[in-house]
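Novice: The listed protein sequences derive, respectively, from chains G and X. Read left to right, the first sequence gives residues 1 to 537 (this note's numbering). Read left to right, the second sequence gives residues 1 to 322 (this note's numbering).
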Amino acid sequence: MRAFAEMYAALDETTKTNEKVEALTRYFSQVPPADAAWAATFLIGRRPKRLLESRKLAQWAIEESSIPDWLFGECYHAVGDFAETIALLLPPAQSSSNLPLHYWIEERLLPLRDADDEAKRASLVSAWREMDERQRFAWNKIITGEFRVGVSQSLVVRAVAAVSGLDAAVVSHRLMGDWQPTAEFWTQLVAHQASEATRDADVSRPYPFFLAYPLEGAIEELGGIREWQVEWKWDGIRAQLIHRDWRTFVWSRGEELMTDRFPELEALGAQLPEGVVVDGEVLPWMNGEPLPFAQMQRRIGRKVLGPRILSEVPVVIVAYDLLELAGVDIRERPLEFRRARLEEIAPPNSALIVSPVVRADTWQELAVRRQEARARKVEGFMLKRLGSPYRVGRRRGDWWKWKIEPYSVDAVLIYAQPGHGRRASLFTDYTFGVWDGNELVPFAKAYSGLTDEEIRQVDAFVRGNTIEKFGPVRAVKPELVFELAFEGIQRSPRHRSGIAVRFPRMARWRTDKRAKDADTLETIRALLPPGRPGVID
Amino acid sequence: MDRAVVTHAHSDHACPGSRAYLTAQPGEALLRVRVGGEAPIQALEYGESVRLKGVHVSLHPAGHILGSAQVRIESGGEVWVVSGDYKLEPDPTCTAFEPVACHTFVTESTFGLPIYRWPPEADVFAEIHAWWAANQQAGKASVLFAYSLGKAQRVLAGLLAGMDTAAGPIYTHGAVENFCRLYREAGIALAPTTPAGAAPPATDWSRALILAPPSANGTHGLIGSRRFGPLSTGLVSGWMRIRGARRRRSLDRGFVLSDHADWPGIMSAIRASGASRVWVTHGYRAAVVEWLKQQGGEAQAIETRFEGELDETGAEPAEAEP
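So this is what it looks like as structure tokens:
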């Protein structure tokens, strides 16, 4: 655990990618395989099912630290990180053990699954007492499942590639799909020959997704339009549909196995030939067009999928690409080849819809067609270079997304609360209001889009212009106006404004505007898609 | 003001404009820098008492920086002590904090939350030396930010012990060097320094430690000038106890060393004063007051003109660099 805690601290202390990879490489090469496997699991954002509730963790930390609840709350607001707050508050450790990471996970944490609260408390408190502050912090990060340390999957891949001498694309692929963090897994991950034992995992293993960057600069800079395949950019759940060994799997881009969420797609598997992997977007679909994404959320939220929801919100996969055919990886073949094979295997009148290609003879013509996007319920275009392979991860050059301009609204800052992590104890999380008559009604929350300098200025404004406090939340004088950008807008009975927006962020600080110049609820309602008032669509 | 009683020479506690000043003798030269050459400064020995408008006033060591003092005020048998900024940890650059018995104690609360608990000073200096050595290995200059008055000198005194093994030159920013000179004149031993401005153009910075005020950590300051080549940055401050405070300043390292009392320090200073009433200022006033009340004490928060709520600009003493 000491090595793990030191690695965590080393990652945390640098923003330089190379130094992070070095810290990971150093760690992976010095620890036993079981430790490396667990560490990789946490670093790429997987985690065992959460075993301990935050509320109880806080309570036990409070008891162990002999402070009142409210003081824990004050400390948490100053630190902005739950795991760190606990590590800083616990009394100094009497001793510091150096047991390996896999011991802590397998022998101490996982057995708590079936334990009662008292046993959990006793086990946790004794763990804290055996660790120095650094170890406690890393441990708390593990048990709270908030293991973010600025390491992306690609950095872990680079470190594993460095340790093993394997190609990064091979490592990336081996890290996909369904695997358990064991010493055996790690040994196979870094092995130069894939062993028989990996076959089982291979059956369900997806490929790393190829992701697009937003278009930079003018569209004409991409060259001739004939070198590009253009598709609509759909807004659903990016996924891979896998059919191998007469079994079907659906993986989301977040590497969640979602097969049981989509019985339509599982059934679709039986209509596909053996050994195929389709990349696409899962969408709620009816009468030849997508339903609002809120409908998908409604369906995803269900534990049990009854016949009613299945008939109200059926899903399809809009297929973008074919990655495997007859059990052979075809990602290196040109786009046209993969597209042609995809069209061949697509069963007619099924839940698989090949993403239509948008035809245009000039970029100007395409720009005009882009205006159709909102009516078609898509986010814009995807541009794919003909002849290109299916690459790994987010890359510039062969795929671009060309999204439509976001909606924009001028709103007034009315509430602020402190952020987390590097924004701890700075007021960075804002609620914005728009005018409804003489009243400002809360309309959206936004956290991103300002520069550090602007954040400092807004923070100072909040401190100097608080009119009321509600716990950590400050109501401020309604003076500052911001232009908010967002992607989608819907009616929502759960919001006081009656409106919910998707991906709101601050596009600009309108220092040239005063509160009275901000937009009204009425003008925002006019942006809503047509529909009966009061009905969720 | 006709006469200002100055606890110490940080710029948020000492400013020009008063007709006369009273301060502790070891801090006289530092206060002179702040208030200029003309204003009369009356310097008292620690413990020496004067009568001002019918009350007895004396100054007692606060352990914050050179010449820092608590102010004891006595009138008709009633004793009040105003702590000014203080710390309880030993510091070779100033006289140690001395508890003064009183009825009412006015305490600062910059770090008045139980998350603030200082590690042993020796550990922190070992960390700084290790960081410096690792940077030398990697061919990087070590840029260490510390407040130019007090903290920088404490760092130089603390580094002295490890200087024989970790050979490397220490360069200073002008603001730091000015106060170093005054400390050395007061007879305080500091690790040897060279003003960075006086270094020849061909200087190899990769083995050097460069001590600069936090305000130099910007694209327009000394550090942004790129004259030092590849570098690693660190800040010495109590705020570095929290990762977020380090990360949002884009620093490579934070070293937890403060000239203010931590939570246990504040509580033990209050106990040692024997005061039955506590006034709390500067910092986490509400939390300290609430805690003291729950422990059965009498406490209240008092406003101050001289702070942002949480001192978010990152100044430990909110220091304007001279």
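Idealized CB from N, CA, C, for every residue including glycine.
Any beta carbon from chain X within less than 7 Å of G/A424's own beta carbon?
Specialist: Yes, contact with chain X.
Novice: On the premise that G/A416 lies in contact with G/D429, defined as a C-beta separation below 8 Å, what is that separation, rounded to the nearest angstrom?
Specialist: 7 Å between Cβ atoms; contact.
Novice: Figure out for me which residue from G/L335, G/R376, G/P504 has the closest Cα to the Cα of G/V409.
Specialist: For the residues G/L335, G/R376, G/P504, the minimum Cα distance to G/V409 belongs to G/P504.
Novice: Thinking just about the alpha-carbon of each residue, which of G/Q364, G/V316, G/V31, G/R46 is nearest to the one in G/G177?
Specialist: Per the Cα distances, G/R46.
Novice: Using Cβ-Cβ distances below 9 Å, what residues of the region 292-305 of chain X are close to chain G?
Specialist: Going along the region 292-305 of chain X in chain order, one finds Q294 with a Cβ nearer than 9 Å to chain G.
Novice: Under 7 Å, Cβ to Cβ, is there at least one residue of chain G near X/I242?
Specialist: Yes, because at least one Cβ of chain G sits closer than 7 Å to the Cβ of X/I242.
Novice: Quick check: the Cα distance between G/A61 and G/Y407, rounded to an integer number of angstroms?
Specialist: So the alpha carbons of these two residues sit roughly 45 Å apart.
Novice: What residue does the beta strand (DSSP E) around X/A69 start on, and which one ends it?
Specialist: Start and end: 69-75.
Novice: Between the C-alpha atoms of X/A318 and G/F42, what's the straight-line distance to the nearest angstrom?
Specialist: Unreliable placement is indicated for X/A318, whose pLDDT of 35 sits below 50; the coordinate value is still reported in the next sentence. Those two C-alpha atoms are separated by around 40 Å.
Novice: Going by the DSSP bridge assignment, what does G/I499 pair with across the sheet?
Specialist: For G/I499, which the question treats as bridged, DSSP gives the partners G/R491.
Novice: Just the chain X side, please: which residues come within less than 7 Å of G/T14 by C-beta, in chain order?
Specialist: Within chain X, the residues near G/T14 are D252.
Novice: Rank G/W234, G/S126, G/S164 by C-alpha distance to the C-alpha of G/G380 and give the top, closest one.
Specialist: Of the listed residues, the one whose Cα sits closest to G/G380 is G/W234.
Novice: Which of the three DSSP states is assigned to G/Q94 in this structure?
Specialist: G/Q94: coil per DSSP, three-state reduction.
Novice: Which residue marks the beginning of the alpha helix (DSSP H) containing G/G546, and which one marks its end?
Specialist: Any question about residue 546 of chain G goes unanswered here, given that chain G covers just 1 to 537.
Novice: Closer than 8 Å is the cut-off here; do at least three beta carbon pairs connect the region 94-107 of chain X with the region 32-42 of chain X?
Specialist: Verdict: no, contact absent.
Novice: Quick one: Cα of G/Y320 to Cα of X/R253, how far?
Specialist: So the two alpha carbons sit approximately 46 Å from each other.
Novice: Note down, in chain order, all residues in the region 112-139 of chain X with a beta-carbon under 9 Å from any beta-carbon belonging to chain G.
Specialist: The region 112-139 of chain X vs chain G, Cβ under 9 Å: L113, P114, I115, Y116, R117, P119.
Novice: Short check: CB of G/E538 to CB of G/F137, under 7 Å?
Specialist: With chain G covering only 1 through 537, there is no way to say anything about residue 538 of chain G.
Novice: Please classify G/P206 as buried or exposed, where buried requires at least 16 other C-beta atoms within 10 Å of its C-beta.
Specialist: Its Cβ being crowded by 16 or more others within 10 Å, G/P206 is buried.
Novice: Is there a C-beta anywhere in chain X that falls below 7 Å from the one on G/I67?
Specialist: Answer yes: the Cβ-Cβ gap between G/I67 and chain X drops below 7 Å somewhere.
Novice: On a CA-only basis, which of G/V315, G/R26, G/A183 is nearest G/S350? Give me that one, please.
Specialist: Out of G/V315, G/R26, G/A183, G/V315 has the C-alpha closest to the C-alpha of G/S350.
Novice: My understanding is that G/A212 touches G/K401, with C-beta atoms under 8 Å, so please give their C-beta distance in whole angstroms.
Specialist: Contact flag correct, Cβ pair sits at about 4 Å.
Novice: Please state the DSSP three-state secondary structure of G/W179.
Specialist: Note: G/W179 maps to coil in three-state DSSP.
Novice: Looking at chain X, is there any beta carbon in it that lies within less than 7 Å of the beta carbon of G/E19?
Specialist: Judged by the 7 Å Cβ criterion, G/E19 is not in contact with chain X.
Novice: Quick check: the Cα distance between X/R226 and G/G421, rounded to an integer number of angstroms?
Specialist: Each residue's Cα considered, the two are about 29 Å apart.
Novice: If contact is defined by three or more beta carbon pairs under 8 Å, each pair taking one atom from either stretch, is the region 383-401 of chain G in contact with the region 451-461 of chain G?
Specialist: They do not touch, by the three-pair rule.
Novice: Tell me which residue opens and which closes the beta strand (DSSP E) that G/K384 is part of.
Specialist: Looking at the DSSP string, the run of the beta strand (DSSP E) that includes G/K384 is 380-385.
Novice: List the endpoints of the continuous alpha helix (DSSP H) containing G/A171.
Specialist: For clarity, residue 171 of chain G is Val in the given sequence; the question names Ala instead. 168-174 is the extent of the alpha helix (DSSP H) around G/V171.
Novice: Measuring alpha carbon to alpha carbon, tell me which of G/R525, G/F482, G/W128, G/L88 ends up nearest G/T511.
Specialist: Checking every option, the nearest Cα to that of G/T511 belongs to G/F482.
Novice: What residues are listed by DSSP as bridge partners for G/A475?
Specialist: G/Y415, G/E468.
Novice: Could you tell me whether any Cβ in chain G is nearer than 7 Å to the Cβ of X/A287?
Specialist: Cβ-Cβ to chain G under 7 Å: yes for X/A287.
Novice: Report yes or no: is there a C-beta of chain G within less than 7 Å of the C-beta of X/R247?
Specialist: At least one chain G Cβ lies under 7 Å of X/R247.
Novice: Using 7 Å as the threshold, is the C-beta distance between X/S109 and X/V280 below it?
Specialist: The answer is yes: Cβ separation under 7 Å.
Novice: Looking at C-alpha atoms only, which residue of X/S75, X/K151, X/A212, X/S11 is the closest neighbour of X/P195?
Specialist: Nearest of X/S75, X/K151, X/A212, X/S11 to X/P195, Cα basis: X/A212.
Novice: Please list, in chain order, the residues of the region 395-428 of chain G that have any C-beta partner in chain X closer than 8 Å.
Specialist: From the region 395-428 of chain G, only H420, G421, R422, R423, A424, S425, L426 have a Cβ closer than 8 Å to chain X.
Novice: Using 8 Å for Cβ pairs, my map puts X/G168 next to X/W132. What's the rounded Cβ distance?
Specialist: Sure, about 6 Å apart at Cβ, within 8 Å.
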